[in-house]
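Here the structure is laid out as structure tokens; the discussion comes afterwards.
Residue numbers (my numbering): 131 to 396.
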């Protein structure tokens, strides 16, 4: 078999979408370090962009979708886990937290369908369709690994739904007004293990996405002809510039914060 060049979906993973998301990931990471008060806002923006891409992926007709397109999009959607905060996986009792868990439940459900059923429907037997580093074909070992990870992710999300339900009940057990009472401000907290995990995840995601686009000879992704590319690019670019300005010029670089390693204060 040989590699087959084909025109990709620029609205899902065009250069504008990719650069915008990469910039948004970096902005969120910097906010996590230097301005934790704005962290939740940035993660909500991440989640809104992720949700729009996921809906676009789900709306594509199966018979018109190249099998590598969902793989690239799934890596884009998982490149910055919006449920990870500077001090852990939190906010289970908040609307934003419930929305995040619901999104990842839908994402892992789609991932299970894709790796178990969708791959066979979308594959082109005449082409080498590479899904991972080392020119690993989508029909090889990586598919088995992806099936396992998808099932684990789905089970984890179902468990988190239960945890979220308990957290909501605990939040409202003292009354509606008490549940919305303002909490005492806390010094910024950074979990070093999550920080390095997030950095590694961002680097890995960018590397694998660009690798898959190159080795599968995907074309037609560099034109900025639609709002689908411009909107993520503008949001990500402006977010990144705003954060860098506040950190470098606004003095956030020197703010005191608490650093932890596996929940041990450093």
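Don't be surprised by glycine CBs; every beta carbon is placed ideally from N, CA and C. Here the structure is a predicted model, which is why all the values come from computation and not from measurement.
With 16 or more other CB atoms across the displayed protein chains lying within 10 angstroms of its CB, residue 244 is buried.
Distance from the CA atom of residue 283 to the CA atom of residue 252, rounded to whole angstroms, is 23 angstroms. In this structure the stretch 186-196 does not lie against the stretch 361-378, because fewer than three pairs of beta carbons, one per stretch, are closer than 8 angstroms.
For residue 177, same chain residues with a beta-carbon under 7 angstroms away, outside a window of 5 residues either side, are 212, 229, 230 and 233 in chain order. DSSP, read as helix, strand or coil, puts residue 321 in strand. Residue 225 is classed as exposed because its beta carbon has fewer than 16 other beta carbons within 10 Å across all chains shown. The shortest CA-to-CA distance from residue 256 to any of 197, 205 and 302 is the one to 197.
The C-alpha of residue 173 lies about 31 angstroms from the C-alpha of residue 260. By the neighbour-count definition (other C-beta atoms within 10 Å, threshold 16), residue 287 is a buried residue.
Every alpha helix (DSSP H) of 4 residues or more that sits fully in the stretch 344-393 is shown, in chain order, as 357-378. Listed in chain order, the non-local C-beta contacts of residue 360 below 7 angstroms within the same chain comprise 146 and 354, local neighbours out to five positions each way being set aside.
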